[in-house]
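Read the structure below first, then the notes.
Residue numbers (the numbering used here), protein chains in the order written: chain A, 1 to 77; chain B, 1 to 345.
Okay, structure coming up:
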């Protein structure tokens, strides 16, 4: 499981935010486009791509994309 | 493993009762407009009126169905009422309805407190009671309606109560079920006060601003949307696959997959995970919203009535999932079933 691929999958859930914005350090809750609907798309993406079930608390606890990646990685193992 | 197979019982009819009043989807938060809400949830409008209880809608549906089936009321040996909006905390609403419907006093009556998975559970209870042939006819009512006290009009949930008529038929294929429960998610969908755990105080009725930008008080249903979404998209496909595998049923042999009508985003995710074509997955949520335990039968009544009138055997998978957390999947076959016209009050 690679962070680069995770960021690409993460970025694909956004329509208007430029792909260059997404890095491991991105504080995704602060992105203008981020909303509870985008959060659902991310949960669905993680379910589909990594077979991991994220909860609302996981989404809230993660500050950066790296944090969320770490959570998914830990749950996948 | 919570699998169950019941033979010698068949569904012979279905009906649905809804309020006449149509409520179009409006925006109730500054975060989203109505159009965004409709695009995501698929819910353009729903039936909504505080003039009728679940049992009022259910009673009307049962009366219509019994008339269409030409049943004699005194032959109904069991009445199961699945709802989380009963008429009273006690007595059980099924007891009240036994009398209102004019059913015999020799009637087994039972309430079941479940939501989105409730119709599937109700089917298992009714058919289990009937499988030996001691009870020949039964009615299952499933649905939810009416707010218990003032709250902001909900955009997701519509009011409905459905009636399903079951008959003992020796040799009938019956039903196969898979069930599951995960009580660790008990608070994912919860009405926190009003039971004996948290008793109601005056303060509980004061609406407070919630995380999603909506005002709610403690005596109304609260939902952890992300948790419920994650639960639905993972649990429903797994339950359906387990049922098919256990009973050697082929996905391609199924004519329709009728899911609990949660919302379009969740249901479409479930459909694509199972690689199902759109025409096999009917939706009633567009016009009726999320109707809790009524959602599987109301989808059949409102979306498939004409297609089932052709008189050929039709294979169904029904899958309900939600509050509890609780889920259930059923396989059933219909053959010339009576579907009443939508009953509007």
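By construction, the Cβ of each residue, glycine as well, lies at the ideal position given by its N, Cα and C atoms.
- [ ] Sort out for me which residues DSSP pairs residue 166/B with in a bridge.
- [x] In the second chain, residue 166/B corresponds to position 166, counting from 1. For residue 166/B, which the question treats as bridged, DSSP gives the partners 11/B, 138/B.
Open item on the list: Would you say residue 45/A lies against chain B (beta-carbon separation less than 8 Å)?
Closed with: Translated into the one-based positions of the first chain, residue 45/A becomes position 45. So no, residue 45/A is outside the interface.
Open item on the list: Rounding to the nearest angstrom, what Cα-Cα distance links residue 87/B and residue 55/B in this structure?
Closed with: The residue labelled residue 87/B in the question sits at position 87 within the second chain. The residue labelled residue 55/B in the question sits at position 55 within the second chain. For residue 87/B and residue 55/B, the distance between alpha carbons rounds to 7 Å.
TODO: Find the nearest neighbour of residue 15/A within the set 24/A, 32/A, 61/A, 70/A, judged by alpha-carbon distance.
DONE: Here residue 15/A is taken as the residue at index 15 of the first chain, counted from 1. Taking only the C-alpha atoms, the option nearest residue 15/A is 32/A.
- [ ] Identify which residue in 42/B, 22/B, 66/B, 21/B has its Cα closest to the Cα of residue 339/B.
- [x] Residue numbering aside, residue 339/B sits at position 339 when the second chain is read from its first letter. If we check each option's Cα against that of residue 339/B, 66/B comes out closest.
- [ ] Indicate whether at least one CB of chain A lies closer than 8 Å to the CB of residue 154/B.
- [x] As a first step, residue 154/B must be located in the second chain, where it is residue number 154. Chain A contact via Cβ: absent.
TODO: Specify, as a first and last residue, the run of the beta strand (DSSP E) that residue 181/B falls within.
DONE: In the second chain, residue 181/B corresponds to position 181, counting from 1. First-last of the beta strand (DSSP E) with residue 181/B: 175 to 181.
Task: Contact set between the stretch 30 to 42 of chain A and chain B, restricted to residues whose Cβ is under 8 Å from the partner - done: 35, 36, 37, 39, 40
Open item on the list: What would DSSP say about residue 64/A, mapped onto helix, strand or coil?
Closed with: Residue mapping note: residue 64/A aligns to position 64 of the first chain, counting from 1. Strand at residue 64/A.
Open item on the list: How far does the alpha helix (DSSP H) with residue 50/A in it extend, from its first residue to its last?
Closed with: Here residue 50/A refers to the residue found at position 50 of the first chain. Element bounds for residue 50/A: 36 to 50.
- [ ] Would you kindly work out how many angstroms separate the C-alpha atoms of residue 267/B and residue 259/B, rounded to a whole number?
- [x] If you number the second chain from 1, residue 267/B lands on position 267. If you number the second chain from 1, residue 259/B lands on position 259. C-alpha separation (whole angstroms): 7 Å.
Task: Counted within 10 angstroms of its Cβ, other Cβ atoms place residue 248/B as buried (16 or more) or exposed - done: If you number the second chain from 1, residue 248/B lands on position 248. Its Cβ having fewer than 16 others within 10 Å, residue 248/B is exposed.
Task: Simplified DSSP state of residue 232/B, which is helix, strand or coil - done: As a working mapping, residue 232/B is identified with position 232 in the second chain. Correct three-state label for residue 232/B: helix.
- [ ] Since I believe residue 157/B is in contact with residue 47/B (beta carbons under 8 Å), could you give me their beta-carbon distance rounded to a whole number of angstroms?
- [x] Numbered from 1 along the second chain, position 47 holds the residue referred to as residue 47/B. Numbered from 1 along the second chain, position 157 holds the residue referred to as residue 157/B. Actually they are not in contact, since the Cβ atoms of residue 47/B and residue 157/B sit about 10 Å apart, beyond 8 Å.
TODO: Compare the beta carbon distance of residue 361/B and residue 95/B with 8 Å and say whether it is the shorter of the two.
DONE: There is simply no residue 361/B to check, as chain B begins at 1 and stops at 345 in what is shown.
- [ ] Ignore the nearest five residues each way along the sequence and tell me which others in residue 9/A's own chain have a CB closer than 7 Å to its CB.
- [x] Residue mapping note: residue 9/A aligns to position 9 of the first chain, counting from 1. If we look at residue 9/A and ignore the five residues flanking it on each side, its Cβ neighbours are 45, 49.
Task: Rounded C-alpha distance that separates residue 41/B from residue 72/A - done: The residue labelled residue 41/B in the question sits at position 41 within the second chain. The residue labelled residue 72/A in the question sits at position 72 within the first chain. Rounded to whole angstroms, residue 41/B to residue 72/A spans 26 Å at the Cα level.
Task: Rounded separation between residue 240/B and residue 279/B - CA only - done: On the second chain, position 240 is the one that residue 240/B refers to. On the second chain, position 279 is the one that residue 279/B refers to. C-alpha separation (whole angstroms): 18 Å.
Open item on the list: Which residues in chain A have a C-beta closer than 8 Å to the C-beta of residue 229/B? List them in chain order.
Closed with: Mapped onto the second chain, residue 229/B falls at position 229. What residue 229/B touches in chain A: 40, 43, 44.
- [ ] Please decide whether residue 54/A counts as near chain B, where near means a Cβ-Cβ distance under 8 Å.
- [x] Along the first chain, one-based indexing puts residue 54/A at 54. Residue 54/A counts as touching chain B.
TODO: Run through the stretch 219 to 302 of chain B for me and flag every whole beta strand (DSSP E) of 3 or more residues, listed as ranges in chain order.
DONE: 256 to 259
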